[in-house]
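**Q** Start counting the sequence shown at 1; every next residue gets the next number (UniProt numbering). All C-beta atoms, glycine included, are put in the ideal place defined by N, C-alpha and C.
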Amino acid sequence: VDEVLASHQAYYQLRVCQEAVWEAFRIFLDRIPGTWEYQAWVRSCQQEALCISDIARNFSSSEEHIGLIHRVQAAAAAVTLRAQIPESGRSGTLGAFLLNRLIKQNHQHEAASTGGPVFPGVSRCLSDCGFSGSQYFSL
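#1: Where do the N-terminal and C-terminal ends of the alpha helix (DSSP H) with S61 fall, by residue?
#2: Scan the segment 19-87 and note each continuous beta strand (DSSP E) run of 3 residues or more that stays entirely inside, going in chain order.
#3: Are the segment 27-34 and the segment 59-71 touching by the rule of at least three beta carbon pairs closer than 8 Å?
#4: Taking C-alpha atoms, which residue in V16, T35, H70, I69 lies nearest to I55?
#5: Looking only at its chain, what residues have a beta carbon closer than 8 Å to the beta carbon of S44, apart from the 5 residues adjacent to it on each side?
#6: From Q18, E48, R57, pick the residue whose C-alpha is nearest to that of Y38; which is it?
#7: Where does V4 sit, in a helix, a strand or coil, going by DSSP?
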């Protein structure tokens, strides 16, 4: 009986860890983990007896999650900017000025916070939002 109970408990812990890790990747990083990455987190969950709040804290404070937040905020700012600039102003001087200003601010923020390149999705997002012309996306 003790062996069966231990087996059930181990299986339960495995399944809970698998589900918790999978959901953490989906929620905090918005992606499917690589096999080795997933297995390492599940193993850590099982061996270190991590609780749900430990997993949430680890994923939410990761550089990848913080970067995702910044990218989403930049995309939201682009959509807000598009809504504030009248259709006729998007191709004019004021529209170009405001749009270039947003892109430069985003570039400076990304370079300062991560040391990396400008968020590549900003130009695509702005383009998808109705801004046209490659001159608007130059840095």
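**A** According to the structure data:
#1: Here residue 61 corresponds to residue number 61 of the sequence shown, with the count starting at 1. Counting along the chain, S61 falls outside any alpha helix (DSSP H), and DSSP gives it neither H nor E.
#2: none
#3: yes
#4: For the purposes of this step, residue 55 is identified with residue 55 of the sequence shown, where counting begins at 1. Selection V16, T35, H70, I69 evaluated against I55 yields V16 as nearest (Cα-Cα).
#5: If you number the sequence shown from 1, residue 44 lands on position 44. Correct list, in chain order: L50.
#6: If you number the sequence shown from 1, residue 38 lands on position 38. Here the closest residue by C-alpha is Q18.
#7: Position 4 of the sequence shown, counting from 1, holds the residue named residue 4. Helix, per DSSP.
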